[in-house]
Structures are given as C-alpha cells and as structure tokens.
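A.B. asks:
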Amino acid sequence: PGLRGNGRSNGWLLSAMDFLPTFLEAVGTSHPGASEFRGRSIRDIRGRSFWNDLVTGVPSDRSDYEIGLTRGMGGSLIRGRYKIINQPPPSSESSLATAVAEPRPWRLYNIADDPSETTDLAADYPELVEEMVRRWASEWK
C-alpha cells in the first residue's frame with residue numbers, strides 16, 4: 408500500500424475509498440454525509456482525504472485507519488501496520504467455491520515489516536487478532 412516514487416514506497420496506506428474525499432477537499436467542498444436524496448439512501452464516505460499529504464509530501468498519521476474487505480464467508484482487514492486475512496493465498500490450489508464454503512483460520516501479518524506476508528503472527532498476538540476480527544465483523548462484514 409502507498410504511493411510510489413523513485414522506486415520506493417512511502418508507506419502511505421491508501422484505498423480507492425480515499426479518492427472521493429480527496430477530490431472533494433481539492434475542490435473545496437464536502438460530502439453531505441449519510442442522508443436521503445430523491446428517496447434514495449446516501450451512505451457516508453468511508454475513506455479519508457489524503458489531499459494534505461499530497462500538498463505537503465508528508466504522510467499524516469493513519470495508524471488507526473482501516474480498510475476492510477469481505478469475500479465469501481471471510482475477508483481481510485488492514486489497520487496500520489497489521490493485516491488479518493482468512494482467505495486462501497493466491498497460489499493456493501483451493502478453489503473459490505471451497506474458500507466460500509469453508510471459513511479458514513485468521514492469519515496476521517505485519518505488512519510494514521513483511522510486505523510479502525510470509526510470516527503469520529496470529530499465534531504470537533491472539534488478542535490483536537481477536538480485536539481485529541471483531542472490528543471486521545462489526546464494520547466490514
């Protein structure tokens with residue numbers, strides 16, 4: 408995650424959700440928030456603007472920022488430097504049908520230190536896994 412330049416990552420955690428609030432801030436307006444328009448429900452924006460980060464070149468503190476995903480019976484959540492996921496790895500021979508039908512154990516990665524996600528830390532930090540799974544289930548499932 409993060410913007411790249413000169414072959415390096417600057418560590419900014421960004422998502423496609425962040426583009427709308429960034430564009431709105433760049434043009435000096437804001438989203439109306441959760442409301443109704445012509446009988447249709449409008450959801451609030453989940454992303455955060457990174458306009459100031461672009462203008463100053465200095466990443467803001469996004470250590471509490473979350474990006475969640477649901478797929479089948481599981482998903483993933485990235486918060487700060489940690490990521491939980493219970494989907495099969497891309498190289499897994501499991502079919503998508505199996506992944507949807509059978510939830511897998513949650514794995515935990517420190518994506519700042521291990522961007523290739525090679526070392527599962529779930530057994531070392533069970534409380535963090537529990538907390539992040541609760542957050543995923545309440546906000547992203």
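To convert, take the position in the sequence shown, counting from 1, and add 407; that gives our numbering.
The C-beta atom is built at its ideal place from N, Cα and C for all residues, glycine as well.
As the structure is a computational prediction, the values presented were derived from the model and not from experiment.
Would you tell me roughly how many angstroms separate the C-alpha atoms of Val-540 and Leu-484, rounded to the nearest one?
C.D. replies: Taking the sequence shown and counting its residues from 1, the one referred to as residue 540 is at position 133. Taking the sequence shown and counting its residues from 1, the one referred to as residue 484 is at position 77. Each residue's Cα considered, the two are about 8 Å apart.
A.B. asks: Kindly give me the distance between the Cβ atoms of Thr-436 and Phe-457, rounded to whole angstroms, as I take these residues to be in contact under 8 Å.
C.D. replies: Position 29 of the sequence shown, counted from the start, is the residue given in the question as residue 436. Position 50 of the sequence shown, counted from the start, is the residue given in the question as residue 457. So it is not a contact: roughly 16 Å between Cβ atoms.
A.B. asks: Short of 6 Å in beta carbon distance, which residues of its chain neighbour Tyr-472, apart from the five on each side in sequence? Order them along the chain.
C.D. replies: Taking the first residue of the sequence shown as position 1, residue 472 is located at position 65. So the qualifying residues of the chain are Leu-420.
A.B. asks: Which one of Gly-464, Gln-494, Asp-460 has the shortest CA to CA distance from Gly-475?
C.D. replies: Residue mapping note: residue 475 aligns to position 68 of the sequence shown, counting from 1. The shortest Cα separation from Gly-475 among Gly-464, Gln-494, Asp-460 belongs to Gln-494.
A.B. asks: In this structure, what does DSSP give as the bridge partners for Thr-477?
C.D. replies: For the purposes of this step, residue 477 is taken as residue 70 along the sequence shown, with counting starting at 1. DSSP output for Thr-477 lists Gly-482 as bridge partner(s).
A.B. asks: Distance check for Ala-529 and Gly-440, CA to CA, integer angstroms please.
C.D. replies: Position 33 of the sequence shown, counted from the start, is the residue given in the question as residue 440. Position 122 of the sequence shown, counted from the start, is the residue given in the question as residue 529. Looking at the two C-alpha atoms, the distance is approximately 36 Å.
A.B. asks: Could you check the C-alpha separation between Glu-537 and Arg-486 for me, to the nearest Å?
C.D. replies: As a first step, residue 537 must be located in the sequence shown, where it is residue number 130. As a first step, residue 486 must be located in the sequence shown, where it is residue number 79. About 13 Å.
A.B. asks: If I measure Cβ to Cβ from Asp-517 and keep anything under 7 Å in the same chain, skipping five residues before and after, which residues do I get?
C.D. replies: The residue given as residue 517 occupies position 110 in the sequence shown. The sequence shown places Asn at residue 517, rather than the Asp named in the question. Result list for Asn-517: Arg-488, Tyr-489, Leu-528, in chain order.
A.B. asks: From the DSSP output, in three-state form, read off Ser-399 for me.
C.D. replies: With the chain running from 408 to 548 in the structure shown, residue 399 is simply not present.
A.B. asks: Could you spell out the range, first to last residue, of the alpha helix (DSSP H) harbouring Phe-430?
C.D. replies: The sequence position of residue 430 within the sequence shown is 23, counting from 1. Phe-430 -> alpha helix (DSSP H) spans 426-433.
A.B. asks: What does the Cβ neighbour count give for Gly-464, buried or exposed, with the cut at 16 atoms within 10 Å?
C.D. replies: Residue 464 sits at position 57 when you count from the first residue of the sequence shown. It is exposed - the Cβ of Gly-464 has fewer than 16 other Cβ atoms within 10 Å.
A.B. asks: With H, G and I counted as helix, E and B as strand and the rest as coil, what does DSSP make of Glu-534?
C.D. replies: On the sequence shown, position 127 is the one that residue 534 refers to. The answer is helix: DSSP assigns Glu-534 an H, G or I state.
A.B. asks: If you compare alpha carbons, which of Thr-526, Gly-481, Ala-423 is closest to Ala-544?
C.D. replies: For the purposes of this step, residue 544 is taken as residue 137 along the sequence shown, with counting starting at 1. Selected option, being the one with the closest Cα: Gly-481.
A.B. asks: In whole angstroms, what is the alpha-carbon distance linking Asp-468 and Arg-455?
C.D. replies: As a position in the sequence shown, residue 468 is number 61, starting the count at 1. As a position in the sequence shown, residue 455 is number 48, starting the count at 1. So the alpha carbons of these two residues sit roughly 11 Å apart.
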